[in-house]
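Note that the working numbering has the sequence shown beginning at 1482, numbered continuously upward.
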Amino acid sequence: MEKWMVYNKKADFQKIGSEFGIDPVIARLIRNRDIQDMKEIRSYLYGTLAEIPSPWKMKDMERAVQILQKKITQKKKIRIIGDYDIDGVTATCILLKGLKRLNANVDTYIPDRVKDGYGMHEQLIDKALEDGIDTILTCDNGIAAAAEIEYAKKEGLTVIVTDHHDIPFRDTEDGRIWIIPKADAVVNPKQNDCLYPNKNICGAVVAWKLIWALYERLGIDSDEIWDFLELAAIATVGDVMDLQGENRIIVKEGLKKLSSTSFEGLKALICVNNLEGAEITAYHVGFVIGPCINASGRLDTAARSLELLLADNMEDAMKLADDLYDLNQSRKAMTEQGKEQAIQSIEENNLGKDRVLVVYLPDCHESLAGIIAGRIREAYNKPVFVLTKGADGVKGSGRSIEAYSMYEELVKCSDLLTQFGGHPMAAGLSLPEANVEIFREKINACCGLTEEDFIPKIKIDIPMPVDYPDIPLVNELLLLEPFGKANVKPQFADKNLGIDRAVVVGKNQNVLKLTLKTERGKSISAVYFGDVEEFREYYGRKYGENEVQQAFLGRTNGIRMSVVYYPEINRYQGNESIQIVIKNYQ
């Protein structure tokens, strides 16, 4: 079941189109993304790096800069403690390269996912003390480490936190109490009293802002600030931040820089994924390059991805990139296997009736729990936690739906958990094995979701005949890129379409090419990349198998389709024509 919904946001689309020289269709698409006044629209279409807010607006930025400036001068040993995902690795790289540029005495430690777990732990503090470290600088973690930071401070360490995760809290009878660690400086825009205008930047951008401020304070050429732009863009896409405002500018400009990057490691990743000479989009970062960077933190150690980003010659970079590519291929196979096991567990244990799915896969590699949870969420359209067995109990990751704030719901079950953290849409947790079933029962008992919340909502920008888009309009749609969270690829819809012909093509026979006919008798080419067998079964149930057979033979049939689609330009032997990519059908 799906519920198709059309946006109904109002504006003077003709006026906006005239003001900015764009088609009113483009104006409507921009309004649908909650870009409203003329200043916002101008920034959306033509925003530049000059519009990115100053790092000095962040709470504790001045304090963090003063501390680091002093530590650099005194040659005190600084240790960066990062994270093992794409955001944490790129943030660590930015801080390390930036501080070394300032001649700091600095090294890094990225926790091992299995051995160390996420973020700061006492053993990492003890290791820092053993190594004579004076200052710990976190990135993409630390905001949830109040107890560990208290321990570090007691042992005489200076601690600076840079993070972007939600601020931990505790609900009491007197209201919500926010738990902010007592570090020497806490740089996190999500603090209530932080004046930084964008609360939704990734950890790597927070780290970049710190280096930015240090460069300004210490008189480094302002051009060098942009040396980290492509890393900030990769992290923003990879950590699924909203692509609006500052984030969209960072990604838009960072993607332009990526094709000619000075980072040998990124050049090598582009090469091993056969993207040399291609226009690299947010899709390539999110689904091709990013997963390679993430793969080492999942199946090996994220230190290898950091080593790749720090590589200073192409020979070393290519070896590392090849290894990460191979690791990612293994990760894909293991993920598919884990997804099948999770679905089998849900069906065999009758878990499908639960409003929140808690799936325990003891033998699954814990690094894959989040990806598998995302796949299961797509299949069932419910919040999902996938739990795995670790050396010190059970660990897991969750992926949510829009109607369910995962982090806030975990707070209600905190008595059952040893550790947790995250966002409304994703979270990580650990708990004793004895609490797994109790956790499943309690997280469901606390859940206020209704049946309506579980129906997938397909949001349609504009009902538009499939033969309306022409080549100039499709080219104009490129103004809306990069696409991603909160700036999704536009979706159009049309109904009462006939099928003149359906053909299965592709090396794996997994692509459906269609010739559709509109009510006015016009033909349009279409392609569908989903499950072809499911497509046949759906229309077989609706119209009869014979009608489907006729369509696939190119004969007259009674099938009528409604489609959600995106138009694109099909280029073949120097000719250009419009075809539509079908996303959903009824």
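For glycine and all other residues, C-beta sits at the position ideal for the given N, C-alpha and C.
This structure is a prediction, so every number in the text was calculated from the model and none was measured.
query                                                                                                                         : result
Cys1845 - DSSP class collapsed to helix/strand/coil                                                                           : coil
Host alpha helix (DSSP H) of Val1570 (start-end)                                                                              : Ile1567 to Arg1582
8 Å contact criterion, which Ile1706 and Glu1532 should meet: CB distance rounded                                             : Rounded, the Cβ-Cβ distance is 14 Å, inconsistent with contact.
Environment of Ala1776 [buried if 16+ CB atoms lie within 10 Å]                                                               : buried
Candidates Tyr1696, Ala1792 and Asp1566: closest to Tyr1599 by CA position                                                    : Asp1566
Cβ-Cβ distance between Ala1967 and Leu1724 below 8 Å                                                                          : yes
Neighbour-count burial assignment, Asp1621, 16 or more Cβ in a 10 Å radius                                                    : buried
Stretch pair the segment 1856–1870 + the segment 1829–1844: three plus CB contacts closer than 8 Å                            : yes
Touching by the beta-carbon criterion (3+ pairs, under 8 Å), the segment 1499–1508 and the segment 1521–1539                  : yes
Bridge partners - Ile1561, DSSP secondary structure assignment                                                                : Thr1589 and Leu1618
Check: Gly1746 C-beta below 7 Å from any heavy atom of the ligand FMN                                                         : This structure does not include the ligand FMN; it has no bound ligands of any sort.
Alpha helix (DSSP H) segment containing Arg1779, residue limits                                                               : Gly1771 to Leu1780
Beta carbon proximity, Leu1805 to chain B, threshold 8 Å                                                                      : This model lacks chain B altogether; it includes just one protein chain.
Distance CB(Pro1670)-CB(Gly1623) smaller than 8 Å                                                                             : no
C-alpha gap between Tyr1861 and Ile1559, whole angstroms                                                                      : 46 Å
contact_flag[the segment 2039–2059, the segment 1971–1985] where n(CB pairs < 8 Å) is 3 or more                               : yes
Asn1728 classed as buried or exposed, judged by whether at least 16 other C-beta atoms fall within 10 angstroms               : buried
Cβ neighbours of Asn1586 in the same chain (closer than 6 Å, five flanking residues each side left out)                       : Lys1556 and Lys1558
Nearest to Gly1579 (by Cα), restricted to the options Asp1781, Ile1939, Leu1750 and Leu1791                                   : Leu1791
Nearest-angstrom Cα separation, counted from Gln2060 out to Gln2054                                                           : 15 Å
Enclosing beta strand (DSSP E) for Ala1998 [first to last residue]                                                            : With the sequence shown as reference, residue 1998 is identified as Lys, and Ala is not the correct amino acid for it. Per DSSP, Lys1998 belongs to the beta strand (DSSP E) from Val1992 to Lys1998.
For Tyr2046 and Asn2065, the rounded distance between their alpha carbons                                                     : 7 Å
Chain-order list of residues whose beta-carbon lies under 6 Å from that of Pro1971 (same chain, five-residue window excluded) : Leu1510 and Asp1942
Candidates Ile1606, Leu1780 and Gln2031, of which the one nearest Ser1811 by Cα                                               : Leu1780
Unbroken alpha helix (DSSP H) run spanning Asn1956, endpoints                                                                 : Ile1952 to Glu1957
Buried or exposed (CB count within 10 angstroms, at least 16 for buried), Met1482                                             : exposed
Contacting residues, own chain, Cβ-Cβ under 8 Å from Val1955 (five flanking each side not counted)                            : Pro2048, Glu2049, Ile2050 and Ile2059
Assigned exposure category for Glu1629 - 16 Cβ within 10 Å defines buried                                                     : buried
Whether Gly1735 touches Leu1710 by CB criterion (8 Å)                                                                         : yes
Residues near Val1753 in its chain [Cβ-Cβ closer than 7 Å; skip 5 each side]                                                  : Ala1802, Asp1803 and Tyr1806
Bridge partners - Asp1652, DSSP secondary structure assignment                                                                : Arg1657
From Asp1588, Phe1494 and Val1595, residue whose alpha carbon lies closest to that of Ser1848                                 : Val1595
Nearest-angstrom Cα separation, counted from Ala1694 out to Asp1644                                                           : 16 Å
Buried or exposed (CB count within 10 angstroms, at least 16 for buried), Glu1745                                             : buried
Collapsed DSSP secondary structure at Gly1909 in the structure displayed                                                      : strand
Among Arg1858, Ser1911 and Ala1713, nearest to Ala1872 - alpha-carbon criterion                                               : Ser1911
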